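Down below is the structure, laid out as structure tokens.
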Amino acid sequence: MSSSVPGPSDHRADHRADHRADHRAASREGERPRVVLGVSGGIAAYKSCELLRRLSESGHDVTVVPTEAALEFVGAPTWAALSGTPVATDVWTGVHAVPHVAIGQQADLVIVAPATADLMAKAAHGLADDLLTNTLLTARCPVLFAPAMHTEMWEHPATVANVATLRSRGAVVIEPAEGRLTGADTGKGRLPDPSELFEFARDVLTRGVSSPDLAGRHVVVSAGGTREHLDPVRFLGNSSTGLQGYALARAAAARGAEVTLVAANTALPDPAGVKVVRVRTTAELRDEIVSASVSADTVVMAAAPADFRPEATTEAKIKKTSDGAVPELKLVQNPDILAEISHERSREGQVIVGFAAETGDATGSVLDLARAKLARKGCDLLVVNDVSGGAVFGSPDNKAVLLDVDGGAVDVPHGTKAALAHAIWDRVTRLLDETPAGSDRQ
Ligand code: CTP
Numbered sequence: 001m002s003s004s005v006p007g008p009s010d011h012r013a014d015h016r017a018d019h020r021a022d023h024r025a026a027s028r029e030g031e032r033p034r035v036v037l038g039v040s041g042g043i044a045a046y047k048s049c050e051l052l053r054r055l056s057e058s059g060h061d062v063t064v065v066p067t068e069a070a071l072e073f074v075g076a077p078t079w080a081a082l083s084g085t086p087v088a089t090d091v092w093t094g095v096h097a098v099p100h101v102a103i104g105q106q107a108d109l110v111i112v113a114p115a116t117a118d119l120m121a122k123a124a125h126g127l128a129d130d131l132l133t134n135t136l137l138t139a140r141c142p143v144l145f146a147p148a149m150h151t152e153m154w155e156h157p158a159t160v161a162n163v164a165t166l167r168s169r170g171a172v173v174i175e176p177a178e179g180r181l182t183g184a185d186t187g188k189g190r191l192p193d194p195s196e197l198f199e200f201a202r203d204v205l206t207r208g209v210s211s212p213d214l215a216g217r218h219v220v221v222s223a224g225g226t227r228e229h230l231d232p233v234r235f236l237g238n239s240s241t242g243l244q245g246y247a248l249a250r251a252a253a254a255r256g257a258e259v260t261l262v263a264a265n266t267a268l269p270d271p272a273g274v275k276v277v278r279v280r281t282t283a284e285l286r287d288e289i290v291s292a293s294v295s296a297d298t299v300v301m302a303a304a305p306a307d308f309r310p311e312a313t314t315e316a317k318i319k320k321t322s323d324g325a326v327p328e329l330k331l332v333q334n335p336d337i338l339a340e341i342s343h344e345r346s347r348e349g350q351v352i353v354g355f356a357a358e359t360g361d362a363t364g365s366v367l368d369l370a371r372a373k374l375a376r377k378g379c380d381l382l383v384v385n386d387v388s389g390g391a392v393f394g395s396p397d398n399k400a401v402l403l404d405v406d407g408g409a410v411d412v413p414h415g416t417k418a419a420l421a422h423a424i425w426d427r428v429t430r431l432l433d434e435t436p437a438g439s440d441r442q
């Protein structure tokens, strides 16, 4: 069965379609959000059982639509039992309910995981020879593809072109993770962690925005705290866990950005669709940020880099001495990464965001000190945390003031770090849009 309706993005510009979507959401207030989990034929289908479980257990009404090939990997009884709904691959089952149209029309979100090269080729070309491909043509909600395949297939020009087509129509194609593939080989092509795919899907669903406003943008985010070693076992460090930086990376990916996350000593799972680069010291963080920022539209320095490092690091562990003498530590200053990338912009129109945790002192209030820091560092936006009442490190929540170079200050009330992340991206997208192409923000 085929359909002649246009693809999702054509409809995003179509007011009648928007009206239909609004009407659907309004008439279903209080109902569970409807998610279609499309599964195409790849070995990673087994990981989608976990994604399904998380979606169902968190109150979503999930309809699984596998392809015939997907059922070679995970059988229909598993999908039916985990979702509590019968599954079909063809358009002829229960045809009185017109499933080839109804499932897509009624969905609040469609996520295809894993999405094979073949499935994305069909979707890009509007083919509709089974229930899943028909559903993709009738869906008017956000559509996510989570590809999983061997690196060669992911990098093939045909797949690259199909992914570009899907993205240009407003679908979000999540970058695959790197690591061990089905055989002994490693590379890019793994399905991201199901728990992170779940967070991704939930983020898109909660925001209810169908157009990914950071699509086509490359954003670089730093997270965590750097460590400066005195010897092989001891270091100078800080308590940053990286939660806020990870929330920023996750939110940017859900808004369609290409995301590079430079993570210093974090112990968090890689967010779906995000390239993670690991560093330990401020010098390593500086090198990765400077090189990634060359192609970045935005850099957000959420990391807590150590400002000082020991002048020398010993190869052997420093021992106590019997006379009770303590070693003398000579420290040298580390580079100020935020100031460097802000003052030596590598790209026109780049938006650079810094963080400041302040307490206020005899010389000024939190905002006075933050304004001085914004001017000193030369960035475009400063996210100011008032930490007078206690640290935000490790907490799932945060609150902040977003201070911009023009003196504007926006209060972001107490909420989750994900909510603060979206408030920051809301501000950044406006700054990016304000910059006329070809002009320099400085
Ligand atoms: N930062 C940086 N490089 C450093 C230190 C900090 O890029 N060596 C960045 C942080 O990632 C953050 C911002 O600068 O975005 C402010 O960090 P903060 O620790 O408040 O700034 P400091 O320069 O250390 O200022 P001070 O200690 O004087 O308050």
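Using our numbering, the first residue of the sequence shown is number 1, and each one after it goes up by one. Glycine included, C-beta positions come from ideal geometry on N, C-alpha and C. Quantities reported herein were computed from a predicted structural model and do not represent experimental measurements.
Can you tell me which of the options puts its alpha carbon nearest to the alpha carbon of residue i?
i	options	result
Glu258	Thr298, Ser239, Lys47, Asp287	Thr298
Ser374	Lys319, Leu82, Val353	According to the sequence displayed, residue 374 carries Leu and not Ser. For the residues Lys319, Leu82, Val353, the minimum Cα distance to Leu374 belongs to Val353.
Val172	Pro142, Ser195, Pro194, Gly187	Pro142
Trp425	Val163, Ala97, Asp213, His156	Asp213
Leu205	Ser222, Pro232, Tyr246, Gly59	Gly59
Glu457	Ala306, Ala158, Val279, Pro194	Summary: the structure shown does not reach residue 457, with the chain confined to residues 1 through 442, and so no result is reported for it.
Gly415	Val279, Ala247, Leu329, Val274	Ala247
Val35	Gly42, Val65, Ala124	Val65
Phe145	Ala80, Ser210, Val39	Val39
Gly245	Val383, Ser83, Thr359, Ser56	Val383
Pro147	Leu166, Val351, His125	Leu166
Arg309	Val74, Thr281, Asn134	Thr281
Pro335	Pro232, Leu285, Ala164, Gly389	Leu285
What did DSSP end up calling residue i once you bin it into helix, strand or coil?
i	result
Val387	coil
Thr429	helix
Glu382	It should be pointed out that residue 382 corresponds to Leu in this sequence rather than to Glu. Three-state result, Leu382: strand.
Asn238	coil
Gly179	strand
Arg34	strand
Leu131	helix
Pro271	coil
Lys47	helix
Leu205	helix
Pro461	Look at the range of the chain in this structure, 1 to 442, and you will see that residue 461 is not part of it.
Asn162	helix
Val101	helix
Pro86	coil
Gln350	coil
Thr67	coil
Asp61	strand
Lys320	coil
Just to confirm my understanding: we take residue i, look at its own chain, exclude 5 residues before and 5 after, and list those with CB closer than 6 Å. What are they?
i	result
Val219	Ala252, Ala257, Val259, Thr298
Gly189	Met149, His150, Thr151, Trp154, Pro176, Leu181
Ser295	His218
Ala76	Val87
Thr138	Val101, Gly104, Gln105
Val110	Val36, Ala139, Val143
Ala44	Pro114, Ala148, Leu191
Ordered along the chain, which non-local residues of its own chain (more than five positions away) have a Cβ less than 8 Å from that of residue i?
i	result
Arg427	Leu381, Leu402, Asp404, Val410
Pro413	Lys399
Val326	none
Are there any heavy atoms of the ligand CTP lying less than 7 Å away from the beta-carbon of residue i, as far as the coordinates show?
i	result
Leu230	no
Leu338	yes
Gly354	yes
Leu357	For the sequence presented, residue 357 should be read as Ala rather than Leu. Ala357 Cβ: within cutoff of the ligand CTP.
Thr281	no
Lys417	no
Pro335	yes
Lys47	no
Met153	no
Lys373	yes
Met301	yes
Lys377	yes
When every heavy atom of the ligand SAM is checked, does at least one fall within less than 7 Å of the C-beta of residue i?
i	result
Pro305	Of the ligands one can find in the structure shown, namely the ligand CTP, none is the ligand SAM.
Any beta carbon of chain C sitting closer than 8 Å to that of residue i?
i	result
Val101	In the structure shown, chain C cannot be found, because there is only a single protein chain.
Keeping to the same chain, check which residues put their C-beta closer than 7 Å to that of residue i; ignore five residues upstream and five downstream.
i	result
Ala304	Gly225, Asn238, Ser240
Thr186	Gly179, Arg180
Ser293	Val220, Val299, Ile341, Ser346
Ala302	Val221, Ser222, Ala223, Gln244, Gly245, Leu248, Phe355
Inset, instruction - Taking 8 Å as the threshold, find out whether the stretch 118-134 comes into contact with the stretch 54-72 through three or more Cβ pairs. - result: yes
Inset, instruction - Flag this pair as touching only if the stretch 235-255 and the stretch 194-201 have three or more C-beta atom pairs under 8 Å; answer yes or no. - result: yes
Legend entry - Cβ pair count under 8 Å reaching 3, the stretch 312-330 against the stretch 264-282: no
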